[in-house]
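Participant: Line by line, the protein sequences are chains A and B. In terms of the numbering used here, the numbers along the first sequence are unbroken and rise by one, the last being 1356. In terms of the numbering used here, the numbers along the second sequence are unbroken and rise by one, the last being 1356.
There are 2 protein chains.
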Amino acid sequence: MESDKLDVIFGALADPTRRAILARLASGEVTVNDLAAPFAMSQPAVSKHLKVLERAGLISRGREAQWRPRTLEAEPLKDAAAWLEQYRRFWEQSLDRLEDHLRELQKKVPKP
Amino acid sequence: MESDKLDVIFGALADPTRRAILARLASGEVTVNDLAAPFAMSQPAVSKHLKVLERAGLISRGREAQWRPRTLEAEPLKDAAAWLEQYRRFWEQSLDRLEDHLRELQKKVPKP
Chain A
1245 MESDKLDVIF GALADPTRRA ILARLASGEV TVNDLAAPFA MSQPAVSKHL KVLERAGLIS
1305 RGREAQWRPR TLEAEPLKDA AAWLEQYRRF WEQSLDRLED HLRELQKKVP KP
Chain B
1245 MESDKLDVIF GALADPTRRA ILARLASGEV TVNDLAAPFA MSQPAVSKHL KVLERAGLIS
1305 RGREAQWRPR TLEAEPLKDA AAWLEQYRRF WEQSLDRLED HLRELQKKVP KP
């Protein structure tokens, strides 16, 4: 995985509107107008977000140019998940430590 | 998972130096000086990156103030992975589609 690709992917995900757009596209192709509707922002502002998502390879344009539908492309999300996966043992370790701690605390509770 | 927490986490991961710092910390506590050493950048520039990681909860400061060691905190990475996990079926679908496509292509190869 090239590093600058991950920069662009994580950067694209670092915004609530862009994550909401992806969530919306999870249900299928959506036109730009329909994508913009739920957000209290101008069409150019939405277009800017779409451009960021497109540059990250997270959405593509459908063939129906008139309706300008966008489609979710999940491959970059897989790359981001693969990068995070390298750290799984660390978050699982901290869960283990928490469990150990809770067990120790329970031992200290006086029996009735 | 609060949305603005994810903004800060994904934003922190959208930089190669910050991802390299996390990779370095995966081997254990490292002092700020040692963290800065591999990068061709000023100490203040490195400190700025550390602040971004700290704000995202991805690193913490050790108790040994003199050496200012930093430690990896994996919990936010788990949150980011959980968000991405919602989209797993999409990237698995596209792998399935690729496999189907390859199978179709193979069928078309003339038998010797």
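Even glycine gets a Cβ: it sits at the ideal position worked out from N, Cα and C. If you're wondering where the values come from, they're calculated on a predicted model, not measured in any experiment.
Taking the alpha-carbon positions, what's the D1323/A to Q1337/B distance?
Facilitator: Roughly 15 Å between the two C-alpha positions.
Participant: Output, in chain order, the set of chain A residues within a Cβ distance shorter than 7 Å of F1254/B.
Facilitator: Those are F1254, L1257, A1258, listed as they occur along chain A.
Participant: Terminal residues of the continuous alpha helix (DSSP H) containing P1288/B?
Facilitator: Where P1288/B is concerned, the enclosing alpha helix (DSSP H) stretches over 1287-1299.
Participant: Is the CB of R1263/A under 8 Å away from at least one CB in chain B?
Facilitator: It does; some Cβ of chain B falls within 8 Å.
Participant: Hey, how far is the Cα of T1261/A from the Cα of E1273/B?
Facilitator: Distance between the alpha carbons of T1261/A and E1273/B: 36 Å.
Participant: D1259/A to T1275/B, Cα distance in whole Å?
Facilitator: In a straight line, the C-alpha of D1259/A is about 31 Å away from that of T1275/B.
Participant: Which stretch, first to last residue, makes up the alpha helix (DSSP H) that contains P1320/B?
Facilitator: From DSSP, the alpha helix (DSSP H) with P1320/B extends over 1319-1329.
Participant: Less than 8 Å between CB atoms is the rule here; does K1292/A satisfy it with respect to chain B?
Facilitator: No, K1292/A lies away from the interface with chain B (no Cβ there is under 8 Å from its Cβ).
Participant: Does the region 1281-1295 of chain B touch the region 1318-1334 of chain B, meaning 3 or more C-beta pairs lie closer than 8 Å?
Facilitator: Because the criterion of three Cβ pairs below 8 Å is not met, the region 1318-1334 of chain B and the region 1281-1295 of chain B do not touch.
Participant: Check whether chain A comes within 8 Å of D1344/B, counting only Cβ atoms and requiring the distance to be less than that.
Facilitator: Chain A contact via Cβ: absent.
Participant: Is the beta carbon of R1314/A sitting closer than 8 Å to the one on L1279/A?
Facilitator: Going by C-beta atoms, R1314/A is nearer than 8 Å to L1279/A.
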